[in-house]
Amino acid sequence: MRISRTAVSCPHSSTAPRATPISSPRSLKYEYELYVESEIEDYKDSVSRASLLKIGDEAVEVLRKSDQIALTELLVWQEVDRIIARRLRLPTYATWKRRRLKMLAEFRTPEHWGIAPDAAFVRELADSTDCHVLVAGAEREGPALYLAARGAAVTAVEPEEDAVERVVKAAHAAGLTERVRGLCADLGGWAPDVALHAVVCTPSAFAGLDVMDRARVIEVLQSATVDGGVHLVETIAAGTDRLPLEELHSRYHGWTISVERSAGSRETFMARKATVTAA
């Protein structure tokens, strides 16, 4: 899958975009039907035309023996699909559902994605169902897929096309495609098109941006964040590319701020937007 850079450019906006509805998750029955269809189509692509025609002849013979009055092309291809499904020994819906539910339960655990269960990221976003979350600097697919598995709608932004493809492919493999959107862009030239409930930034999110650019990006993200929303910015405590905590503190005036230090040289800056109560 190739992702166009030009298709994801978006002008900066000083006002928060309106929230868009989060699509309902697909039913397990529908997922199973897609799974069966995909397996059958992959099989068709893997065999020669002669082999496929032979299966077609077998399908015609089966339908004739069943006293099928009208052998339409649609009926023949439906029987072809049934023959292929039997050859592939695809699991029944009940068996597939049991496996899928077990897999989804694993996806909802941070450890499955290599994330520490006591990390600030996990604690602050424990209840992310029906939330829009931006993961910026998505060089690792774990955070995006973990949040998607817990019911969030995730936009993963990363300037490197290979990194975006990796996130999108991992989401497809996990059956989370409908909840993960991958965009090939850098924060300096992009702005959210939906209201955000949370923003997660890795150290690479602000790479290549000077102080003024970072200030503008943070302002755009703040404007796009709903009241009560949270920003988590992972920084490197030392090194020439570090994002100074002092700079972050100065940009989040009026937000509730805390800093959590983890093993190694990483720090997580957390800021929660104040909730404005109606007079």
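Just so we're aligned, residue 1278 is where the sequence shown starts under the working numbering, counting upward by one.
No residue lacks a Cβ here, since even glycine has one placed at the ideal position from N, Cα and C.
Since this is a predicted model, take the numbers as computed values, not measurements.
Counterpart residues of residue 1538 in DSSP-defined beta bridges: Against the sequence shown, residue 1538 aligns to sequence position 261. Residue 1538 pairs with 1544.
Where residue 1421 falls, given that 16 or more other Cβ within 10 Å makes a residue buried: Start at 1 with the first residue of the sequence shown, and residue 1421 comes out as number 144. Buried.
Residue from 1440, 1401, 1404 and 1436 with nearest C-alpha to residue 1419: Here residue 1419 refers to the residue found at position 142 of the sequence shown. When only C-alpha atoms are compared, the closest one is 1440.
Buried versus exposed call for residue 1343 [16 or more other C-beta atoms within 10 Å across all chains shown]: Residue numbering aside, residue 1343 sits at position 66 when the sequence shown is read from its first letter. So residue 1343 ends up on the exposed side.
Simplified DSSP state of residue 1449, which is helix, strand or coil: Taking the first residue of the sequence shown as position 1, residue 1449 is located at position 172. Residue 1449: helix per DSSP, three-state reduction.
Nearest-angstrom Cβ-Cβ length linking residue 1426 and residue 1460, presumed shorter than 8 Å: Along the sequence shown, one-based indexing puts residue 1426 at 149. Along the sequence shown, one-based indexing puts residue 1460 at 183. The pair is not a contact, with the Cβ atoms about 20 Å apart (cut-off 8 Å).
Range covered by the beta strand (DSSP E) that runs through residue 1419: Position 142 of the sequence shown, counting from 1, holds the residue named residue 1419. Looking at the DSSP string, residue 1419 is not in any beta strand (DSSP E); the run it does join, the alpha helix (DSSP H), is 1419-1426.
N-terminal and C-terminal residue of the alpha helix (DSSP H) that residue 1435 is part of: Residue 1435 sits at position 158 when you count from the first residue of the sequence shown. From DSSP, residue 1435 is part of no alpha helix (DSSP H) but of the beta strand (DSSP E) over 1430-1435.
Sheet register partners of residue 1409 (DSSP bridge): Stepping through the sequence shown from its first residue, residue 1409 is reached at position 132. Paired residue(s): 1430.
Proximity below 9 Å, CB of residue 1311 to CB of residue 1398: On the sequence shown, position 34 is the one that residue 1311 refers to. On the sequence shown, position 121 is the one that residue 1398 refers to. Their beta carbons are not under 9 Å apart, which means residue 1311 does not touch residue 1398 by this criterion.
Bridge partners - residue 1508, DSSP secondary structure assignment: Start at 1 with the first residue of the sequence shown, and residue 1508 comes out as number 231. DSSP, once it has assigned bridges, lists 1476 and 1548 as partnering residue 1508.
Three-state secondary structure assigned by DSSP to residue 1391: As a position in the sequence shown, residue 1391 is number 114, starting the count at 1. Coil at residue 1391, not helix or strand.
Residue 1459 - containing beta strand (DSSP E), residue span: Counting from one through the sequence shown, the residue named residue 1459 turns up at place 182. Note, residue 1459: beta strand (DSSP E), 1457-1461.
Simplified DSSP state of residue 1553, which is helix, strand or coil: Taking the sequence shown and counting its residues from 1, the one referred to as residue 1553 is at position 276. In this structure, residue 1553 counts as coil in the three-state DSSP scheme.
Length of the line joining the Cα atoms of residue 1305 and residue 1473: Residue numbering aside, residue 1305 sits at position 28 when the sequence shown is read from its first letter. Residue numbering aside, residue 1473 sits at position 196 when the sequence shown is read from its first letter. Rounded to the nearest angstrom, the two C-alpha atoms are 28 Å apart.
Spatial distance of residue 1394 from residue 1384 (CA atoms): Numbered from 1 along the sequence shown, position 117 holds the residue referred to as residue 1394. Numbered from 1 along the sequence shown, position 107 holds the residue referred to as residue 1384. Rounded to whole angstroms, residue 1394 to residue 1384 spans 13 Å at the Cα level.
Supposed contact pair residue 1431 and residue 1456 - C-beta distance, whole angstroms, cut 8 Å: Stepping through the sequence shown from its first residue, residue 1456 is reached at position 179. Stepping through the sequence shown from its first residue, residue 1431 is reached at position 154. Contact holds; Cβ gap of about 6 Å.
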